[in-house]
Amino acid sequence: MRYLILSDIHANLEALEAVMADAEGLFDSILCLGDLVGYGPDPNAVVAWVREACSVVIRGNHDKAAVWPEVLRYFNPVARTAAEWTHSNLEETHKDYLRNLTIGPAVVDDKFLIVHGSLADEDAYVITVEDAGNHLSHVGHGLIFFGHTHVQGGFFRAQDSQLVKEISASELLQVSDGGAFLINPGSVGQPRDENWKAAYAVYDSQLNQVEYRRCAYDLATTQRKITEAGLPLMLSERLSLGR
Ligand code: ZN
């Protein structure tokens, strides 16, 4: 089975469409690790697409914020403005869908896990090797896909080792039995790893390999839509910087 792994689409329709064109023929099933909405100008089109196309979807913190405004007190001003905009612009049927999304972790085909932030907390950021070490201290072995940081790559601990190492997203990753792997496909709609291109991953469970991928998209159109929607200008600027 080949899984297309998408995370943090953030209502960026142009990035999502570019990823789907780029990934054509590479996958059998689509998984979504949360944050369908928030920041971007196309929440309705993105949620409609995810509902139709994805076989397993878990909730992200921005999906929660778009339907439960009380969560917003934990958000910075820009994220809060965007979440309020999303709340007012999202169709009721899509709000219902987001309200009922599964809270991770979710088990996929008895093979691996998907989470938004971490196993324990959808709002936790796994950024450093230390974060990953804490996270993996509760995990014997196996494969976990996570999002939330918008940084493509991840971490692993080899069998019979205590040492957690960083994974480079520039290489094809061979997942080894007995190791513990935390894999981040990166963000489709708002990358923050100094690369503006949409990020995603393909996991082939037969070969046990993860391929990290990037693709260019029509950034100018997304930026124009952000401006026209009256969303904070910073959300447009950061897309070109990949931050
Ligand atoms: Zn996110």
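Our numbering applies: residue 77 is where the sequence shown begins, and numbers increase by one.
Here a beta-carbon is modelled for each residue, glycine too, at the ideal position from N, C-alpha and C.
At a cut-off of 7 Å, is residue i close to the ligand ZN when judged by its beta-carbon and the heavy atoms of the ligand?
i	result
residue 236	no
Measuring alpha carbon to alpha carbon, tell me which residue in the options is nearest residue i.
i	options	result
residue 152	316, 318, 311, 241	311
residue 242	188, 202, 109	202
residue 249	300, 84, 277	277
residue 185	204, 104, 269	104
residue 251	187, 285, 77, 96	285
residue 92	292, 260, 189	292
residue 297	183, 116, 109	116
residue 240	108, 178, 215	215
residue 235	131, 246, 212	212
residue 317	230, 94, 206, 265	265
residue 205	197, 238, 319, 85	238
residue 255	247, 224, 209, 223	209
residue 221	125, 102, 107	107
In chain order, what residues of the same chain lie with their CB nearer than 8 Å to the CB of residue i, ignoring the 5 residues before and after it?
i	result
residue 119	87, 112, 113, 142, 162, 165, 166, 170
residue 173	123, 127
residue 99	80, 276, 278, 289
residue 177	110, 133, 134, 135, 139
Assuming residue i and residue j make a contact with CB atoms under 8 Å, what is their CB distance in whole Å?
i	j	result
residue 226	residue 263	4 Å
residue 129	residue 89	That pair is no contact at about 13 Å.
residue 192	residue 224	5 Å
Leaving out five residues on either side along the sequence, give the residues of the same chain with a beta carbon under 6 Å from the beta carbon of residue i.
i	result
residue 195	181
residue 175	143
residue 289	276
residue 308	154, 157
residue 168	none
residue 188	219
residue 306	none
residue 257	219, 232, 251
residue 77	104, 281
residue 94	274, 291, 293
residue 85	92, 112, 122, 264, 265
residue 304	none
residue 302	117, 311, 312
residue 319	268
residue 82	108, 264, 276
Quick check: is the beta carbon of residue i nearer than 8 Å to any beta carbon in chain D?
i	result
residue 227	Included in the structure is just one protein chain, with no chain D present.
Got a sec? Which residues, its chain only, sit under 7 Å from residue i by beta carbon, not counting five neighbours each side?
i	result
residue 159	114, 138, 141, 142, 148, 151
residue 228	245, 260, 261, 262, 269, 275, 288
residue 315	266, 272, 295, 298, 299
residue 183	189
Quiz item: Just the residues with CB closer than 5 Å to a heavy atom of the ligand ZN, in chain order, which are they?
Solution: Going along the chain, the residues that qualify are 84, 111.
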